[in-house]
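S.K.:
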DNA sequence: GCGCACCATCGATGGCTATCGATGTGTCGG
DNA sequence: CCGACACATCGATAGCCATCGATGGTGCGC
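Protein chains in written order, with our numbering: chain L, 17 to 139; chain W, 17 to 139.
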């Protein structure tokens with residue numbers, strides 16, 4: 017557990033590079049950001065979100081089963097993941113469950129990708 | 017932005033919603049996009065990329081082991097993942113391996129997030 | 001009410017992932 | 001030439017994830 021001070025020691029080639037200020041990103045921030053990416057880390061979910069963005073409306077599970085080639089439980093599983101991540105909003109209308117994009121969260125994911133300096137907004 | 021007429025769903029309860037044109041996104045595109053997100057779907061990798069973006073330089077593995085609290089093989093494992101995804105570039109300099117951001121790919125990830133219509137090189 | 005359609009949940013399973021210790025490869029300094 | 005260092009790879013393991021069939025709940029039409 018050397019604190020790795022990397023100050024001005026001998027340093028002909030003693031230190032390999034810049035210190036990289038340890039944790040620029042807080043632990044919880046990193047976990048939260050990774051959770052967003054994790055929700056999109058699946059081809060089917062990517063297609064669901066993309067389709068929802070191009071269709072600019074709502075979809076129900078029944079309209080996704082065939083195009084995705086997945087079983088209905090699996091589609092429900094993916095929708096739940098996306099809702100939990102905040103990317104989708106669920107709205108029960110009659111016997112159908114309509115899902116629509118949460119534009120604010122999608123924008124937030126895009127903002128995270130700026131990376132230079134976290135704007136750190138509070139949604 | 018294509019307004020996309022969005023049919024008026026006059027049907028009482030026959031069809032639940034719009035057809036959602038099957039695969040707006042090609043299969044390989046969806047897989048490729050998901051791969052990028054998958055590379056960022058880990059808190060440690062998020063912190064590596066973020067730190068690399070703020071530090072605006074190169075890092076070697078030895079400078080990441082302590083801040084991340086991971087073993088050296090695990091850090092190497094994560095770096096490999098990021099390189100395979102194209103997000104990082106590896107450069108061997110002496111006995112150190114320097115990693116730097118691949119800005120083009122990071123931008124591409126951000127572009128994918130526009131989602132409305134894939135601006136991609138393929139129209 | 002009865003059945004049917006839509007959907008979520010559950011339980012099981014095969015596959016992938018992150019993590020580590022041990023080991024191998026290459027480089028530098030003495 | 002030899003030890004020390006930086007790093008990657010390997011083998012093993014525990015945990016998570018996507019997928020499905022079966023099941024249960026709820027709203028709608030008859």
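We treat Cβ as the ideally placed atom computed from N, Cα and C, and that holds for glycine.
Let me see if you follow: with CB-CB separation under 8 Å, is residue 100 of chain W close to chain L or not?
M.R.: Cβ-Cβ to chain L under 8 Å: no for residue 100 of chain W.
S.K.: If the cut is a Cβ gap below 7 Å, which residues of chain L does residue 129 of chain W touch?
M.R.: The contacting residues are 122, 125, 126 and 129.
S.K.: What did DSSP end up calling residue 75 of chain L once you bin it into helix, strand or coil?
M.R.: Correct three-state label for residue 75 of chain L: strand.
S.K.: Would you call the segment 78-96 of chain L in contact with the segment 58-71 of chain W, where contact means no fewer than 3 C-beta pairs closer than 8 Å?
M.R.: No: fewer than three Cβ pairs fall under 8 Å.
S.K.: Taking 8 Å as the CB-CB cut-off, is residue 90 of chain W touching chain L?
M.R.: No - not a single Cβ of chain L is within 8 Å of the one on residue 90 of chain W.
S.K.: Using a Cβ-Cβ distance under 8 Å, would residue 54 of chain W count as near chain L?
M.R.: Closer than 8 Å: yes.
S.K.: Going by C-alpha distance, which of W:103, W:123, W:49 and W:126 is nearest residue 63 of chain L?
M.R.: Of W:103, W:123, W:49 and W:126, the residue nearest in Cα terms is W:49.
S.K.: Is it the case that the Cβ atoms of residue 116 of chain L and residue 105 of chain L are separated by a distance below 8 Å?
M.R.: Yes, the Cβ-Cβ distance between residue 116 of chain L and residue 105 of chain L is below 8 Å.
S.K.: How far does the beta strand (DSSP E) with residue 117 of chain W in it extend, from its first residue to its last?
M.R.: Taken as a continuous stretch (DSSP letters only), the beta strand (DSSP E) holding residue 117 of chain W covers 112-117.
S.K.: Who are the Cβ neighbours of residue 76 of chain L in its own chain at under 8 Å, not counting the five residues just before and after it?
M.R.: Once the five neighbours on either side are set aside, the close Cβ partners of residue 76 of chain L are 112, 113, 114 and 115.
S.K.: Taking Cβ to Cβ, would you say residue 91 of chain L is nearer than 8 Å to residue 103 of chain L?
M.R.: Not closer than 8 Å, so no.
S.K.: What residue range does the alpha helix (DSSP H) around residue 40 of chain W cover?
M.R.: Segment: none, residue 40 of chain W is in no alpha helix (DSSP H) and carries neither H nor E.
S.K.: Residues of chain L with CB under 8 Å from residue 63 of chain W, in chain order?
M.R.: 39, 40, 41 and 46, listed in chain order.
S.K.: Using the Cα positions of residue 127 of chain L and residue 120 of chain L, report the straight-line distance between them to the nearest angstrom.
M.R.: Near 10 Å, if we compare the C-alpha coordinates of residue 120 of chain L and residue 127 of chain L.
S.K.: The alpha helix (DSSP H) that contains residue 98 of chain W, what's its start and end?
M.R.: From DSSP, the alpha helix (DSSP H) with residue 98 of chain W extends over 88-100.
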